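Asker:
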Amino acid sequence: MRQPSKGPQQIPVVVLAGFLGSGKTTLLNHLLHRSGGTRIGAIVNDFGAIEIDALAVAGALGDSTVSLGNGCLCCAVDSSELDAYLERLARPDAGIDVIVIEASGLAEPQELVRMLLASEHPGIVYGGLVEVVDAAEFDATRARHPEIDRHLALADLVVVNKLDRAADAERVLGTVRGLTDHAAVVPATYGRIDPGFLFDCRPGEERVGQLSFDDLHDRDRDQDRGDHEGHLHTQYDSLSFASDVPLDPRRVIGFLDGRPDGLYRIKGYVDFGAYDTVNRYAVHAVGPFLRFYPEPWPGDEVRRTQLVLIGSGIDAAALEKDLRACTSDAPHTADEHGMWGVLRYVREPEEAA
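Quick note on numbering that gives the first Met the number 0: the sequence shown kicks off at 0 and runs consecutively.
1) Would you check if the distance between the CB atom of Asp193 and the CB atom of Lys161 is smaller than 8 Å?
2) Specify, as a first and last residue, the run of the beta strand (DSSP E) that Arg143 falls within.
3) For Asp199, count neighbouring C-beta atoms within 10 Å of its own C-beta (all shown protein chains included) and say buried if the count is 16 or more, exposed if not.
4) Tell me the DSSP secondary structure of Asp82 in three-state form.
5) With a Cβ-Cβ cutoff of 8 Å, do Phe240 and Leu306 count as a contact?
6) Whose C-beta lies closer than 6 Å to the C-beta of Leu322 among residues of the same chain, with five residues either side of it excluded?
7) In whole angstroms, what separates the C-alpha of Ile123 from that of Ala83?
8) Taking the alpha carbon of Gly36 as the point to measure from, which residue in His181, Gly195, Phe137, Val301 has its own alpha carbon closest?
9) Could you compute how far the alpha carbon of Arg191 sits from the alpha carbon of Tyr268?
10) Give the straight-line distance between the Cα atoms of Gly310 and Ala183, rounded to the nearest whole angstrom.
11) Tyr263 to Lys320, Cα distance in whole Å?
12) Taking DSSP as the reference, what is the three-state secondary structure of Ala281?
13) Where does the unbroken beta strand (DSSP E) through Gly310 begin, and where does it stop?
14) Does DSSP classify Val251 as helix, strand or coil?
15) Between the C-alpha atoms of Thr179 and Glu146, what's the straight-line distance to the nearest angstrom?
16) Among the residues of its own chain, which have a CB less than 7 Å from the CB of Gly312, if the five just before and after it don't count?
17) Ordered along the chain, which non-local residues of its own chain (more than five positions away) have a Cβ less than 7 Å from that of Leu318?
18) Using alpha carbons as the reference points, say which of Gly177, Asp243, Val159 lies closest to Ser327.
19) How big is the Cα-Cα spacing for Ala281 and Ile10?
20) Do you know offhand how far His32's Cα is from Gly94's?
21) Ignore the nearest five residues each way along the sequence and tell me which others in Leu342's own chain have a CB closer than 6 Å to its CB.
22) Anyone know if the C-beta pair for Leu172 and Ala16 falls short of 8 Å?
23) Of all the options Val157, Val131, Gly340, Cys325, which has the alpha carbon lying nearest to the alpha carbon of Gly104?
24) Just how far apart, CA to CA, sit Gly61 and Ala41?
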């Protein structure tokens with residue numbers, strides 16, 4: 000069986016969308032101030048000629064901002080032009096860990112997602128569509144812009160913002176949940192959501208290897224108890240899964256194809272045992288987007304599967320049970336077709352070159 004080669008490290012690109020005044024810039028500024036050392040690059044797209052939103056975030060980002068004024072990004076550029084903007088932030092010497100595209104309030108999120116998925120830049124990967132909703136103005140916005148229903152159906156994560164100002168917060172949340180298609184829906188005030196939904200926060204101290212989501216979850220839980228007690232913003236739900244028994248690739252694909260509503264992110268490493276004795280498989284899933292990255296096992300590392308699942312309102316016990324059902328320690332020789340489902344989500348070496 001052909002062993003795919005490991006591709007380059009890819010930076011997730013998150014699209015931050017929402018109608019005018021929903022709180023996108025406030026949310027982005029919140030993420031910047033709670034990034035935990037993660038370096039965020041931003042493409043800020045104001046609709047008017049005076050780039051107010053870009054000014055609002057430039058102080059926090061410095062030279063990590065690309066601002067585009069006087070037009071919607073989805074109409075003003077094509078995929079190749081977007082790649083040129085991403086190149087400024089994705090070059091290795093910039094040290095960027097995640098890129099956020101803050102769309103104008105009149106942008107078409109479907110077009111932005113399409114451009115990202117069509118991108119030929121080898122250094123980036125789609126990181127999800129986040130749609131911000133103004134709960135206080137939701138009914139009025141929906142009456143003026145009925146396309147909001149379509150936007151919500153496309154989203155991977157919906158932030159229902161300004162709930163403290165909504166006359167009927169629970170009704171708005173229920174309506175939004177009914178309009179989404181499996182997306183995680185999180186309530187917020189002042190754009191305060193946990194950064195762990197969108198990206199890995201690096202620890203303050205130097206550390207070899209990747210920050211685990213266990214560390215992130217514990218740290219943010221402690222911070223939220225202290226700094227944000229009483230604020231109406233969500234704690235994400237998180238499940239950490241580890242197995243010393245290899246996983247069966249067909250069962251894993253079945254699990255991923257049937258992942259439940261509200262499960263926003265999956266990240267970690269999978270051991271497929273006899274199906275590939277050379278590589279472990281890094282997995283990156285956000286909403287319905289899925290990609291595997293085969294990479295050689297480190298010589299001194301114990302071979303095991305380690306995954307973290309993040310979402311809103313997920314049933315951790317049920318997910319744990321489903322993942323345990325994916326394990327297989329049966330002594331057999333792997334059949335050559337077993338990995339086909341996984342390899343469909345591996346970027347080809349020539350594609351990543």
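Think of the CB as a built atom: it goes at the ideal place given N, C-alpha and C, for glycine as much as any other residue.
Nothing here was measured: the structure is a model prediction, and the numbers come from that model.
Answerer: Taking the geometry as given:
1) One thing to note: Asp193 has its Cβ no nearer than 8 Å to the Cβ of Lys161.
2) Per DSSP, Arg143 lies in no beta strand (DSSP E); the unbroken alpha helix (DSSP H) holding it starts and ends at 137-143.
3) Buried, since its Cβ has 16 or more Cβ neighbours within 10 Å.
4) Note: Asp82 maps to helix in three-state DSSP.
5) The Cβ atoms of Phe240 and Leu306 sit closer than 8 Å to each other.
6) Cβ contact annotation for Leu322 (same chain, cutoff 6 Å, sequence separation greater than five): Phe240, in chain order.
7) Ile123 and Ala83 have their C-alpha atoms some 12 Å from each other.
8) Residue Gly195 is the option with its Cα nearest to Gly36.
9) So the alpha carbons of these two residues sit roughly 29 Å apart.
10) As the crow flies, the alpha-carbon of Gly310 is around 6 Å from that of Ala183.
11) Computed Cα separation, rounded: 18 Å.
12) It is a strand residue.
13) Its beta strand (DSSP E) spans residues 304-310.
14) Judged by DSSP in its simplified three-state form, Val251 adopts helix.
15) Rounded to the nearest whole angstrom, the C-alpha separation of Thr179 and Glu146 is 13 Å.
16) The beta carbon of Gly312 is closer than 7 Å to those of Asp236, Gly261 in its chain, skipping five residues each way along the sequence.
17) Contacts found: Leu238, Leu308.
18) Distances from the alpha-carbon of Ser327 to those of Gly177, Asp243, Val159 put Asp243 closest.
19) Their backbone Cα atoms lie some 14 Å apart in a straight line.
20) Their backbone Cα atoms lie some 18 Å apart in a straight line.
21) In its own chain, leaving out the 5 sequence neighbours on each side, no residue places its CB closer than 6 Å to the CB of Leu342.
22) Between Leu172 and Ala16, the CB-CB gap reaches or exceeds 8 Å.
23) Closest option to Gly104, Cα to Cα, is Val131.
24) For Gly61, the predicted model reports a pLDDT of 49, less than 50, meaning its position is unreliable; a value from the coordinates is still stated below. Those two C-alpha atoms are separated by around 10 Å.
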